[in-house]
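So for the sequence shown, my numbering puts the first residue at 6; every next one is plus one.
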Amino acid sequence: MSTKALRKEEEENLLRRADDLCRQNNLRLTPIRERVYRELVQSGGPVGAYDLVDRLSNEKKRLAPVTIYRALDFLRDAGLVHRLATQNSYVISHGQPDMNAMKIMFVDAKTGETVEVHSSEVAEAVRKAAEQAGFKSVSPFMEVEGEIAQ
Numbered sequence: 006m007s008t009k010a011l012r013k014e015e016e017e018n019l020l021r022r023a024d025d026l027c028r029q030n031n032l033r034l035t036p037i038r039e040r041v042y043r044e045l046v047q048s049g050g051p052v053g054a055y056d057l058v059d060r061l062s063n064e065k066k067r068l069a070p071v072t073i074y075r076a077l078d079f080l081r082d083a084g085l086v087h088r089l090a091t092q093n094s095y096v097i098s099h100g101q102p103d104m105n106a107m108k109i110m111f112v113d114a115k116t117g118e119t120v121e122v123h124s125s126e127v128a129e130a131v132r133k134a135a136e137q138a139g140f141k142s143v144s145p146f147m148e149v150e151g152e153i154a155q
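Now the structure itself:
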């Protein structure tokens, strides 16, 4: 199978997963939410909200940024995308970690390329550190900026 065909198959699997997840949780994947998600899937990497506005608008009608932000909030709350604070952008989620694991997103500071890893060890270390600090962690997600080894 060619790389292009493999990429297309991965895109379709992600889109199918989003549709299934929304149905299972009685969430509505509206046309604009689907368009935003599809654009993120096809981009293959982090994309800013205003870039999405530009990509999804046409000559006749420019989408309002608030429309894109609402769609992104929905997709983030549904667990389909992550907001990368270091890049001020959004990237596709590749699934939820096991119950006791934490999702770690490694972000290359130069290229914006991301690598998603799920780790029980990191989750336990964060839980212990939070407990010592008298803090309860709400989100099992961590973002680490650096350089991807060549």
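For every residue, glycine included, the Cβ atom is placed at its ideal position computed from N, Cα and C. Remember, predicted model here, so these are calculated numbers, not experimental data.
Other residues of its chain near residue i: CB distance less than 7 Å, five sequence neighbours each side excluded
i   : result
R38 : A76, F79, L80
L19 : V46, I97
Rounded C-alpha distance that separates residue i from residue j
i    : j    : result
K141 : I109 : 18 Å
E55  : A135 : According to the sequence displayed, residue 55 carries Tyr and not Glu. Rounded to whole angstroms, Y55 to A135 spans 35 Å at the Cα level.
I73  : V112 : 23 Å
E15  : Y95  : 18 Å
G151 : N93  : 15 Å
N31  : A154 : 41 Å
S7   : R22  : Residue confidence is low: S7 scores 41 on pLDDT, short of 50, so the model does not pin down where it sits. No coordinate-derived value is stated.
P51  : H87  : 9 Å
D82  : V41  : 14 Å
Start and end residues, beta strand (DSSP E) containing residue i
i    : result
E148 : 146 to 151
Other residues of its chain near residue i: CB distance less than 6 Å, five sequence neighbours each side excluded
i    : result
F146 : K108
H99  : E121
C27  : L34
8 Å CB neighbourhood of residue i in its chain, flanking five on each side removed
i    : result
N105 : S125, A128, E129
S62  : L68
L89  : P51, Y95, V96, M110, V112, T119, E148
R132 : S142
Residue i, DSSP secondary structure in three states
i   : result
D59 : helix
S94 : strand
First and last residue of the uninterrupted alpha helix (DSSP H) at residue i
i   : result
V41 : 36 to 48
**Message:** In chain order, what are the residue ranges of uninterrupted alpha helix (DSSP H) at least 4 long that sit wholly in the region 64 to 139?
**Reply:** 70 to 82, 125 to 137
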